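Asks: Below: one structure in structure tokens.
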Amino acid sequence: MPAASVPPENTMPIRMNVDDNDSPCDVIDSLFLGRFATGEQPYAYAHNIERVKPGFELLPPGATVLRSARDDDRSALLAEGEGYTMLISHWNRGADGAATAVSGELAERIVKECTRDAADEPEPQPEDVTMGFWYVSPRRGPHRTTRQISAGTWDEVRPNYTAPVAGAMDRLMKVTPDDISGRLLLLHGPPGTGKTSALRTLARSWRDWCQVDCVLDPERLFSDVGYLMDIAIGEDEG
1 MPAASVPPEN TMPIRMNVDD NDSPCDVIDS LFLGRFATGE QPYAYAHNIE RVKPGFELLP
61 PGATVLRSAR DDDRSALLAE GEGYTMLISH WNRGADGAAT AVSGELAERI VKECTRDAAD
121 EPEPQPEDVT MGFWYVSPRR GPHRTTRQIS AGTWDEVRPN YTAPVAGAMD RLMKVTPDDI
181 SGRLLLLHGP PGTGKTSALR TLARSWRDWC QVDCVLDPER LFSDVGYLMD IAIGEDEG
């Protein structure tokens, strides 16, 4: 007769250690995992919102707040309801909603109900360009977020460059997908010579066909093959 399998939560003790380096938000993060770790609520679902509508509450209707913490740039709220536990984290303009529950369907439903209509989508402006930003998150690993940046037209910024540079950029701004055949573009110059402004303007000129991403931790990029592959494969904006 085969031996009965041991639930994973019983194979090792689960402990939470807290010291003065941990913030109240860190404690809430740990408490949220308790029922998932013990197997009481073995299913989880999470959703990230890059930009939340001002004042939008993600708390499920009828939920009971168990813990709440706030600091200068982040807030965390732990709540529970029938068969589920939810963690709501806000930072700057974004938020995470995550739930553990007695079933996968319940966890997904709670999170989707709370985050529906939460995303703030401002009216696009002619000068706005969507740019992706990659970084390694301690919780999620390689992660891409998007922001709207403002960029002038090439005609507006062209007078800021010398004639040879402006001539080369004239040709670059007119590049189309049909002209691309695996080229590498290098911009070289001392700080303050307009490389970043040129890239922003280039992103605006190419925005109909080119996805522009910025890596915030390049030293990590070139020392971590997995991170490099994540970015090379890319993430479509749909």
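In this text, residue positions in the sequence shown follow full-length UniProt numbering: the first is 1, and each later residue adds one.
All residues carry an ideal CB built from backbone N, CA and C; glycine is no exception.
Here the structure is a predicted model, which is why all the values come from computation and not from measurement.
How would you write the range of the beta strand (DSSP E) that G39 sits in, first residue to last?
Replies: Looking at the DSSP string, G39 is not in any beta strand (DSSP E), and its letter there is neither H nor E.
Asks: Pick helix, strand or coil for M169, following the three-state DSSP scheme.
Replies: helix
Asks: Is the number of C-beta pairs between the region 96 to 103 and the region 47 to 66 that are closer than 8 Å three or more?
Replies: yes
Asks: Relative to the alpha-carbon of R171, which residue among R139, W154 and T130 has its alpha-carbon at the smallest distance?
Replies: Selected option, being the one with the closest Cα: W154.
Asks: Tell me the residue span of the beta strand (DSSP E) that contains C214.
Replies: V212 to V215
Asks: Express the C-alpha separation of E113 and P60 in angstroms, rounding to a whole number.
Replies: 8 Å
Asks: By the DSSP assignment, the alpha helix (DSSP H) with F133 in it spans what residues?
Replies: First-last for F133: D128 to S137, but that is the beta strand (DSSP E), not the alpha helix (DSSP H).
Asks: Are T115 and L58 close, meaning C-beta to C-beta below 8 Å?
Replies: yes
Asks: Can you check DSSP and say which residues form a bridge with Y45?
Replies: A99
Asks: Based on Cα-Cα distance, which residue from A163, R140, M131 and E105 lies nearest to D213?
Replies: Shortest Cα-Cα distance from D213 to any of A163, R140, M131 and E105 involves M131.
Asks: A151 and R204: beta carbons closer than 8 Å?
Replies: A contact, by the Cβ cut-off of 8 Å.
Asks: In angstroms, rounded to a whole number, what distance separates the CA positions of G189 and N17?
Replies: 50 Å
Asks: Output needed for R109: all residues of its chain with C-beta closer than 7 Å, excluding positions within five of it in sequence on either side, in chain order.
Replies: none
Asks: Measure the Cβ-Cβ separation of P24 and A79 and say whether it is below 8 Å.
Replies: Contact check for P24 against A79 fails: the beta carbons are separated by 8 Å or more.
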